[in-house]
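The next block holds one structure in the form of structure tokens; read it before the comments.
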Amino acid sequence: MRRPMKHPHKKNHNQDFFEDFPDDIVVFILTKLSSTASSPSHFFNTLLTCKRLNRLGFHPMVLSKAGPKVLAIKPKNWSENSHHFLKRCVNVGNVDACYTLGMIRFYCLRNRRSGVSLIAKAAMKLHAPALYSLAVIQFNGSGGTKQDKDLRAGVALSARASLLGHIDALRELGHCLQDGYGVKQNVTEGRRLLVQANVREILLVYRFLELASPSRAGSCEGILSRLSNMAVPLIKENRYNVKVPEVHPVNWFLREWFESGLGILEDGLRLCAHIGCGRAETRPHEFRRCSVCGISGVISVCVQLVQIFVLFSSLKNYLKLCYYLLDASKISGNVNSKTCWLAS
């Protein structure tokens, strides 16, 4: 019987088609992943798939586009390898890496000169949080003496950050103008900027409602149109830039670094009372003393007012809960000393 002919061009079902992809396409895909990954593990677990992905995952293009969530290293995972990874990202021009490593070196590792240099490098590339952080350093004279404060530089940096949409910087600039702090006093202009900052925050809340529940957001359309008329042209013309603000990962790193005991504060030094800040004093009595409790410190007037608002909002919600429990106990007829104490 005749032997069947061999087909030399017959497809091999065990062929790895991934190897046929050019490196440029793989690098492009990894670049998209590094810029949108939700956590460091989301990105690094992909690189463990094969040697090729591991090699191309550290391509300069991939590292230069890595987003802040990929760079969000936990203090408990901090090591020489993670430090080296951030330095590699800095060397290829990653702006977020410059800001992240700069903040860590300045506040955690106490390398003030290198830290402020990296923050300034990010600020020169119009990184809004870096501009605001430099403003905070100038306002407080961080890393130096009280005589090293430069109020005019802090105002200028706040103004630049506010133009890039940084709400805290806009509010800081408004308070400086209103109080004549580092700039010629202009109460009217300062209050106008404070109103704009509040309007922006309301628009951000609306945006959050719109994403979470479109039906609830629809009932706010009339209010939104009136608020948009009050807002600056930046919001009206570029509404696609209005996003729900999140605390930058490096601020959580700073707070966890000191609260976990990895970083030890010297005697007389305090953390900023605002939970979303994480900055620590570089000298005693550097931060403003809170006007409510008189004990904790805050980096600026803006942060102090936000902290007071959060405090009174929490107190208001607590009182609502107390009155609810009291009403419920009255209905059930079980009024005792504990429920009466809640309403007192």
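In this text, residue positions in the sequence shown follow our numbering: the first is 963, and each later residue adds one.
No residue lacks a Cβ here, since even glycine has one placed at the ideal position from N, Cα and C.
Remember, predicted model here, so these are calculated numbers, not experimental data.
Nearest-angstrom Cα separation, counted from residue j out to residue i
{"i": "Cys-1138", "j": "Cys-1012", "result": "55 angstroms"}
{"i": "Gly-1127", "j": "Ala-1090", "result": "8 angstroms"}
{"i": "Gly-1029", "j": "Asp-1058", "result": "7 angstroms"}
{"i": "His-1046", "j": "Trp-1040", "result": "10 angstroms"}
{"i": "Asp-982", "j": "Leu-995", "result": "20 angstroms"}
{"i": "Phe-1068", "j": "Glu-1163", "result": "29 angstroms"}
{"i": "Ile-987", "j": "Leu-1018", "result": "11 angstroms"}
{"i": "Asp-1141", "j": "Ala-1123", "result": "20 angstroms"}
{"i": "Ser-997", "j": "Gln-1147", "result": "42 angstroms"}
{"i": "Cys-1302", "j": "Arg-1241", "result": "Caution applies to Cys-1302, whose pLDDT of 33 falls short of 50 and renders its modelled position unreliable; the value that the coordinates give is listed next. Whole-angstrom Cα-Cα distance: 41 angstroms."}
{"i": "Arg-1217", "j": "Lys-1038", "result": "12 angstroms"}
{"i": "Arg-1154", "j": "Gly-1136", "result": "7 angstroms"}
{"i": "Ala-935", "j": "Gln-1158", "result": "Since the first residue shown for the chain is 963 and the last is 1306, residue 935 is missing from the structure and cannot be characterised."}
{"i": "Asn-1007", "j": "Gly-1064", "result": "26 angstroms"}
{"i": "Phe-1220", "j": "Leu-1227", "result": "7 angstroms"}
{"i": "Leu-1093", "j": "Leu-1125", "result": "11 angstroms"}
{"i": "Ala-1121", "j": "Leu-1096", "result": "12 angstroms"}
{"i": "Arg-1014", "j": "Ala-1115", "result": "48 angstroms"}
{"i": "Leu-1156", "j": "Leu-1132", "result": "7 angstroms"}
{"i": "Lys-1049", "j": "His-1004", "result": "20 angstroms"}
{"i": "Leu-1009", "j": "His-1021", "result": "12 angstroms"}
{"i": "Ile-1066", "j": "Cys-1234", "result": "15 angstroms"}
{"i": "Arg-1074", "j": "Gly-1105", "result": "6 angstroms"}
{"i": "Cys-1239", "j": "Glu-1042", "result": "25 angstroms"}
{"i": "Val-1098", "j": "Cys-1070", "result": "16 angstroms"}
{"i": "Ser-1236", "j": "Val-1209", "result": "With the sequence shown as reference, residue 1236 is identified as His, and Ser is not the correct amino acid for it. The alpha-carbon atoms of His-1236 and Val-1209 are separated by roughly 11 angstroms."}
Proximity below 8 angstroms, CB of residue i to CB of residue j
{"i": "Lys-1087", "j": "Gln-1100", "result": "no"}
{"i": "Leu-992", "j": "Val-1024", "result": "yes"}
{"i": "Cys-1051", "j": "Ala-1084", "result": "no"}
{"i": "Asn-1102", "j": "Phe-1249", "result": "yes"}
{"i": "Ile-1035", "j": "Pro-984", "result": "no"}
{"i": "Leu-903", "j": "Glu-1243", "result": "The chain is shown from 963 up to 1306; residue 903 falls before or after that span and cannot be answered."}
{"i": "Ser-1076", "j": "Asn-1056", "result": "no"}
{"i": "Gly-1144", "j": "Leu-1165", "result": "no"}
Exposure label - residue i; buried when at least 16 CB within 10 Å
{"i": "Val-1149", "result": "exposed"}
{"i": "Thr-1062", "result": "buried"}
{"i": "Val-1078", "result": "buried"}
{"i": "Glu-1134", "result": "buried"}
{"i": "Thr-1107", "result": "exposed"}
{"i": "Gln-1109", "result": "exposed"}
{"i": "Phe-990", "result": "exposed"}
{"i": "Pro-1211", "result": "buried"}
{"i": "Ser-1306", "result": "For Ser-1306, the predicted model reports a pLDDT of 33, less than 50, meaning its position is unreliable; a value from the coordinates is still stated below. Burial call: exposed."}
{"i": "Asp-1130", "result": "buried"}
{"i": "His-1247", "result": "exposed"}
{"i": "Asn-1213", "result": "buried"}
Residue range of the alpha helix (DSSP H) that includes residue i
{"i": "Gln-1100", "result": "1090-1102"}
{"i": "Tyr-1061", "result": "1057-1065"}
{"i": "Lys-994", "result": "985-998"}
{"i": "Ile-1022", "result": "The question names Ile, yet the displayed sequence has Pro at residue 1022. It spans 1022-1026 - the alpha helix (DSSP H) in which Pro-1022 sits, taken as one unbroken run."}
{"i": "Val-1052", "result": "1042-1053"}
{"i": "Ile-1081", "result": "1074-1085"}
{"i": "Ala-1118", "result": "1113-1125"}
{"i": "Ser-1003", "result": "1002-1009"}
{"i": "Phe-1215", "result": "1211-1221"}
{"i": "Gln-1140", "result": "1129-1141"}
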